[in-house]
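Numbering (my numbering), first residue to last: 22 to 276.
Virtual Cβ for every residue (Gly too), placed ideally from N, Cα, C.
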């Protein structure tokens with residue numbers, strides 16, 4: 022091979038190398054431009070996804086707020102209807118009393134010894150009421166005591182059903198009488214001695230268990246009030262109808 026041929030080939034290779042170098046530079050610039058375009062597109066995509074998620078979240082929040090508002094409104098209407106159905110309202114109780122000085126007592130309004138009551142504004146449920154001070158249950162007509170308690174249990178069960186509240190103590194009906202007991206998932210533990218009567222029999226034989234049952238019932242009502250933003254003081258827990266009324270007209274009812 023002659024020197025001239027080698028030089029000619031060298032010139033051709035140099036041209037090819039230069040051409041390919043330019044081509045490589047162009048490809049690098051193209052790749053860089055495409056990478057920038059891809060990064061920009063990815064950033065736009067992420068921004069779009071973020072905006073879409075934010076919009077979806079806002080839409081979901083607004084939908085939840087509308088649904089919550091409707092639910093709260095519906096719950097309030099239902100509870101108010103229950104209060105209206107059971108005619109839970111204030112009134113004046115007129116009682117015949119001896120001219121004695123009233124005795125202040127913060128204990129539960131059921132006792133074996135008589136206590137004098139003054140005329141006062143109280144609450145009715147279906148035209149009957151519950152005493153808010155100590156009474157002599159042996160002289161108090163049983164129907165006048167059992168009837169309002171039975172009405173309270175029915176009303177309370179409806180309210181907690183509409184509000185979706187689970188009470189600490191479960192109220193249930195057995196025949197014509199209401200009972201209360203600790204809510205336990207094990208049916209084998211539900212013995213007769215675990216349930217407390219929410220009624221007094223004719224001879225007051227179940228008096229002690231009845232007092233315990235009323236304490237459990239009032240605790241349920243106080244707990245229900247707490248879930249609806251009402252705090253019942255310990256001295257007022259025994260006021261069954263007042264606690265129920267406070268729940269029905271709470272400003273946070275159903276929330």
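Could you pull the DSSP bridge partners for residue 198 from this structure? DSSP lists 195 as partners of residue 198.
CA-to-CA distance, residue 59 to residue 40, given in whole angstroms: Spanning the two alpha carbons is a distance of roughly 28 Å.
Name the DSSP beta bridge partners of residue 203, please? 190
Using C-beta distances below 6 Å, list every residue in its chain close to residue 57, excluding the 5 sequence neighbours before and after it, in chain order. none
Count the other CB atoms, across all protein chains shown, that sit within 10 Å of the CB of residue 61; report buried if there are 16 or more and exposed otherwise. exposed
Any idea if residue 169 is buried or exposed, counting beta-carbon neighbours within 10 angstroms, 16 or more meaning buried? buried
Across the segment 99-112 and the segment 258-275, are there enough close Cβ pairs to call them in contact, namely three or more that are closer than 8 Å? yes
From the DSSP secondary-structure annotation, give me the bridge partner or partners of residue 81. BP columns for residue 81 are empty, so no partner.
Take residue 133 and list the residues in its own chain whose beta-carbon comes closer than 6 Å to its own, dropping the five residues that flank it on each side. The predicted position of residue 133 is uncertain, since its pLDDT is 40 and thus under 50; a value taken from the coordinates is nonetheless stated next. Setting aside the 5 residues that flank it on each side, residue 133 has no residue in the same chain whose C-beta is closer than 6 Å to its C-beta.
Please work out which residues of its chain come closer than 6 Å, Cβ to Cβ, to residue 227, disregarding the five sequence neighbours upstream and downstream, and give them in chain order. 218
Looking at the secondary structure, which residues open and close the alpha helix (DSSP H) in which residue 171 lies? 163-184
Euclidean distance between Cα positions of residue 31 and residue 43: 18 Å
I need the straight-line Cα distance from residue 28 to residue 48, nearest angstrom please. 30 Å
Determine the burial state of residue 26: buried for a count of at least 16 other Cβ atoms within 10 Å of its Cβ, exposed for fewer. exposed
Need the endpoints of the alpha helix (DSSP H) that residue 261 sits in, please. 261-269
Beta-bridge partners of residue 217, as assigned by DSSP: 201
In terms of residues, what are the limits of the alpha helix (DSSP H) holding residue 107? No alpha helix (DSSP H) contains residue 107, which DSSP labels as neither H nor E.
Presumed contact (8 Å Cβ cut-off) between residue 242 and residue 261, rounded CB distance: 6 Å
With burial defined as no fewer than 16 other Cβ atoms inside 10 Å of the residue's Cβ, what is the status of residue 202: buried or exposed? buried
Measure the CB-CB distance between residue 96 and residue 183 and report whether it falls below 8 Å. One thing to note: residue 96 has its Cβ within 8 Å of the Cβ of residue 183.
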